[in-house]
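Sequence order for the protein chains is U and E. First residue of the first sequence? That's 3 in this note's numbering, and the numbers climb one at a time after it. First residue of the second sequence? That's 3 in this note's numbering, and the numbers climb one at a time after it. So the structure is just underneath, and the comments pick up after that.
Protein chains: 2
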Amino acid sequence: MENNELPADVALMWRLRETPRRGPKPSLTLDDIVASAIAIADAEGLAAVSMARVAERLGNSTMALYRHVKSKDDLLVIMSDAAIERPEPMPEGVDWRTGLTFWADGVLTAIRRHPWYAKVPISGPPAGPNNLAWFDSALGVLADTGLPEEAKVGVVMGLITYVQGQIRMAFDLAAGYADNPDAFRRFGATLRKVADPRVYPAVVRTVEAGVFDEVGSFEEDNEADFDFGLQLYLDGVAAFIDRVG
Amino acid sequence: MENNELPADVALMWRLRETPRRGPKPSLTLDDIVASAIAIADAEGLAAVSMARVAERLGNSTMALYRHVKSKDDLLVIMSDAAIERPEPMPEGVDWRTGLTFWADGVLTAIRRHPWYAKVPISGPPAGPNNLAWFDSALGVLADTGLPEEAKVGVVMGLITYVQGQIRMAFDLAAGYADNPDAFRRFGATLRKVADPRVYPAVVRTVEAGVFDEVGSFEEDNEADFDFGLQLYLDGVAAFIDRVG
DNA sequence: CCTTACTGCGTACCTGCTACGCTATTTAGC
DNA sequence: GCTAAATAGCGTAGCAGGTACGCAGTAAGG
């Protein structure tokens with residue numbers, strides 16, 4: 003009990019546990035469980051992850067898992083930290099803007115490998131080792147900007163929010179698109195039919211301009227949108243650094 | 003069947019339905035169901051909304067709901083559109099920056115009344131009348147900027163992403179804080195104990211600077227963070243308008 | 001008046017989380 | 001060694017939640 007003050011799940015993620023145990027050797031390790039859960043989520047989505055499925059895949063019974071994990075929510079937190087891995091080391095000597103763009107692209111790439119990551123409900127600050135490494139990487143890029151520490155945290159939190167929000171929305175939309183491509187292709191048509199120009203003047207103007215007519219290439223659109231919004235945000239950061247840094 | 007091409011839930015939200023019916027008078031209306039579901043979500047959160055609870059609150063049986071709604075997911079989409087109401091009319095003659103700030107504050111206020119709104123999974127573009135009204139309001143503010151329609155959509159989508167992401171994160175954190183205030187208060191202490199300065203140099207530097215030491219006033223912190231990130235994004239929009247508009 | 005469409009709802013099934021307690025196993029201490 | 005304590009696996013069972021199905025009763029159309 004030397005890790006007295008830490009919440010149980012945090013202690014688990016950092017692998018802090020008294021090693022000398024008395025009972026029988028565990029036939030199951032936390033790593034096995036997490037790997038199994040991640041494999042299922044990768045293949046069939048987060049909704050397919052049930053305690054029964056995870057255990058079955060390991061040839062164990064459902065309840066055996068509860069010797070290693072407090073609850074399913076616990077498992078979700080731990081597996082999301084494991085799935086995000088570590089960021090690539092930041093190239094030496096990059097300016098902050100290049101660095102944050104590199105960082106954001108890295109997040110996008112990492113989450114692409116585990117799309118369900120963006121769906122895990124967040125219940126606190128990033129307490130796992132991998133999430134913390136990402137946080138550290140972004141903070142480090144801002145080291146030479148002269149911003150006060152608190153402002154750096156604000157900038158990075160805003161960036162995380164934007165990036166995760168964008169990714170979540172993109173994947174939700176992609177899922178909806180896969181479920182029902184027609185509904186999307188007819189979004190413009192639907193608006194034309196249903197949107198009164200007196201109530202929705204700006205939307206109708208946009209529809210008339212044909213913006214929603216070609217929703218064809220979904221992947222590239224999202225990539226472009228992602229970068230577009232990111233650069234807007236970074237422009238804002240630049241202005242902020244000029245003002246304060 | 004004059005609304006031939008529309009998905010069922012969209013038709014429901016816009017209240018397009020053939021009026022002449024043959025069977026017995028419905029003792030239940032969609033509005034009742036939605037209002038009941040919203041009341042439960044407001045009082046006890048989205049997780050407390052079950053078909054059984056919604057029906058019980060109306061003095062009906064669970065299965066009666068399925069005559070009005072295709073599935074629970076259907077109900078969630080419809081109730082989220084109903085909950086967001088309409089934006090306040092934009093003051094006349096405001097510049098775009100004031101307008102978008104006003105808009106974002108409006109979103110924040112509206113979602114504060116129904117915090118669960120940010121948790122409803124998004125499965126498509128904003129197809130309901132109220133969500134579309136918000137979309138229209140933000141687009142309208144950009145009317146005089148000279149941006150091409152497509153760019154306006156990009157700016158507004160980015161803004162929505164940021165605002166919703168920020169709100170979702172804030173509420174998730176607030177919920178985690180309510181569940182376990184100690185874990186939060188000790189976040190800085192936890193990092194000190196667990197974070198190796200060689201692995202997490204930037205985080206440790208921030209911790210040493212005392213940024214995480216006073217997490218006291220949660221509400222105001224979030225308000226400030228929200229505005230901070232928003233202004234960064236709007237700075238970016240300003241730069242974009244200078245460049246392109 | 002009979003047919004038809006439609007509403008409410010009871011029943012039942014399935015999936016999923018997890019509390020509890022039993023049994024077997026390993027190690028610590030004597 | 002031997003006993004007691006601690007611990008792993010797991011079977012059972014309870015509970016909650018979504019929803020398919022089919023029956024019964026009701027109101028409008030012909």
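Quick reminder that beta carbons are idealized off the backbone N, C-alpha and C, glycines included. Values in this document were obtained by computation on a predicted structure and should not be read as measured data.
Inset, instruction - Following the continuous alpha helix (DSSP H) through V96 (chain U), name the residue where it begins and the one where it ends. - result: Per DSSP, V96 (chain U) belongs to no alpha helix (DSSP H) and is neither H nor E.
Inset, instruction - Give, in chain order, every residue of the region 146 to 157 of chain E whose Cβ lies closer than 9 angstroms to some Cβ of chain U. - result: Listed in chain order, the positions of the region 146 to 157 of chain E with a beta carbon within less than 9 angstroms of a beta carbon of chain U are P150, E151, E152, A153, K154, V155, G156, V157.
Inset, instruction - Check the Cβ-Cβ distances between F230 (chain U) and every residue of chain E, and say whether any is below 7 angstroms. - result: Interface residue, yes.
Legend entry - Alpha carbon of A177 (chain U) to alpha carbon of R114 (chain U), nearest angstrom: A177 (chain U) and R114 (chain U) have their C-alpha atoms some 13 angstroms from each other.
Inset, instruction - Tell whether a beta-carbon distance below 7 angstroms holds between A172 (chain E) and N224 (chain E). - result: Taking the C-beta atoms as reference points, N224 (chain E) is found nearer than 7 angstroms to A172 (chain E).
Inset, instruction - Measure from the alpha carbon of R69 (chain E) to the alpha carbon of each residue in E:E87, E:A135, E:V239, E:T31, then state which is nearest. - result: Out of E:E87, E:A135, E:V239, E:T31, the CA that lies nearest to the CA of R69 (chain E) is found in E:T31.
Legend entry - Three-way DSSP call (helix, strand, coil) for I86 (chain U) in this model: In this structure, I86 (chain U) counts as coil in the three-state DSSP scheme.
Legend entry - Exposure label - V96 (chain U); buried when at least 16 CB within 10 Å: Its Cβ having fewer than 16 others within 10 Å, V96 (chain U) is exposed.
Legend entry - 7 angstroms Cβ cutoff, G178 (chain U) in contact with chain E: At least one CB atom of chain E sits nearer than 7 angstroms to the CB of G178 (chain U).
Legend entry - Local conformation of V206 (chain U) per DSSP, three classes: For V206 (chain U), the secondary structure class from DSSP, reduced to helix, strand or coil, is helix.
Legend entry - Simplified DSSP assignment, three categories, for S38 (chain E): In the three-state reduction of the DSSP assignment, S38 (chain E) falls in the helix class.
Legend entry - Neighbour flag for Y235 (chain E) against chain U, beta carbons, 7 angstroms: Yes, because at least one Cβ of chain U sits closer than 7 angstroms to the Cβ of Y235 (chain E).
Legend entry - Simplified DSSP assignment, three categories, for N62 (chain E): In this structure, DSSP gives N62 (chain E) a state outside helix and strand, which the three-state scheme calls coil.
Inset, instruction - Determine the burial state of G148 (chain U): buried for a count of at least 16 other Cβ atoms within 10 Å of its Cβ, exposed for fewer. - result: Under this definition G148 (chain U) is an exposed residue.
Inset, instruction - Measure the C-alpha to C-alpha separation of W118 (chain U) and G47 (chain U) and round it to an integer number of angstroms. - result: Those two C-alpha atoms are separated by around 6 angstroms.
Inset, instruction - Specify the secondary structure class of F104 (chain U) as computed by DSSP and reduced to three states. - result: Helix.
Inset, instruction - Kindly say whether V71 (chain U), judged by its beta-carbon, lies nearer than 7 angstroms to any beta-carbon of chain E. - result: The Cβ of V71 (chain U) sits no closer than 7 angstroms to any Cβ of chain E.
Inset, instruction - Output the boundary residues of the alpha helix (DSSP H) element that contains P131 (chain U). - result: Per DSSP, P131 (chain U) belongs to the alpha helix (DSSP H) from 131 to 143.
Inset, instruction - Have a look at U:Y164, U:I86, U:R59, U:Y202 and flag the residue whose alpha-carbon is nearest the alpha-carbon of A135 (chain E). - result: Minimum Cα distance to A135 (chain E) is reached at U:Y202.
Inset, instruction - Report yes or no: is there a C-beta of chain U within less than 7 angstroms of the C-beta of S219 (chain E)? - result: Summary for S219 (chain E): the model assigns pLDDT 48, below 50, so the residue's position carries little reliability; its value from the coordinates is reported in the next sentence. Using a Cβ-Cβ cut-off of 7 angstroms, S219 (chain E) does not count as an interface residue toward chain U, since no Cβ of chain U sits closer than that to its own.
Legend entry - Rounded separation between V246 (chain U) and S63 (chain U) - CA only: Cα to Cα, V246 (chain U) sits roughly 58 angstroms from S63 (chain U).
Legend entry - Alpha-carbon spacing of V71 (chain E) relative to V196 (chain U), whole angstroms: Roughly 20 angstroms between the two C-alpha positions.
Legend entry - Close-in-space but distant-in-sequence residues of the same chain around M81 (chain E) (CB under 6 angstroms, 5 per side omitted): Here the set comprises V36, A39, I40.
Inset, instruction - Please decide whether Y164 (chain U) counts as near chain E, where near means a Cβ-Cβ distance under 7 angstroms. - result: The beta-carbon of Y164 (chain U) is placed less than 7 angstroms from the nearest beta-carbon of chain E.
Legend entry - Alpha-carbon spacing of V213 (chain U) relative to L193 (chain U), whole angstroms: Pairing V213 (chain U) with L193 (chain U), the inter-Cα distance amounts to about 12 angstroms.
Legend entry - Partners in chain E for D227 (chain U), counting only beta-carbon separations shorter than 7 angstroms: Under the 7 angstroms cutoff, chain E gives G156, M159.
Inset, instruction - Using alpha carbons as the reference points, say which of E:A226, E:V157, E:L67, E:R200 lies closest to G237 (chain E). - result: According to the sequence provided, residue 237 (chain E) is Asp. The question's Gly does not apply to it. Out of E:A226, E:V157, E:L67, E:R200, E:V157 has the C-alpha closest to the C-alpha of D237 (chain E).
Legend entry - Cα-Cα separation between D44 (chain U) and G61 (chain E), rounded to whole angstroms: Their backbone Cα atoms lie some 42 angstroms apart in a straight line.
Legend entry - Closest Cα partner of P93 (chain E) within the set E:T103, E:E87, E:A85: Nearest of E:T103, E:E87, E:A85 to P93 (chain E), Cα basis: E:T103.
Legend entry - Interface positions of the region 194 to 211 of chain U facing chain E (Cβ-Cβ less than 8 angstroms), listed along the chain: Residues of the region 194 to 211 of chain U that bring their beta carbon within less than 8 angstroms of a beta carbon in chain E comprise K195, V196, A197, V201, Y202, P203, A204, V205, R207, T208, A211, in sequence order.
Legend entry - DSSP three-state assignment for T192 (chain U), whether helix, strand or coil: DSSP places T192 (chain U) in helix when its eight states are reduced to three.
Inset, instruction - With a cut-off of 8 angstroms on the beta carbons, I'd call A85 (chain E) and H116 (chain E) a contact; round off their distance for me. - result: 4 angstroms between Cβ atoms; contact.
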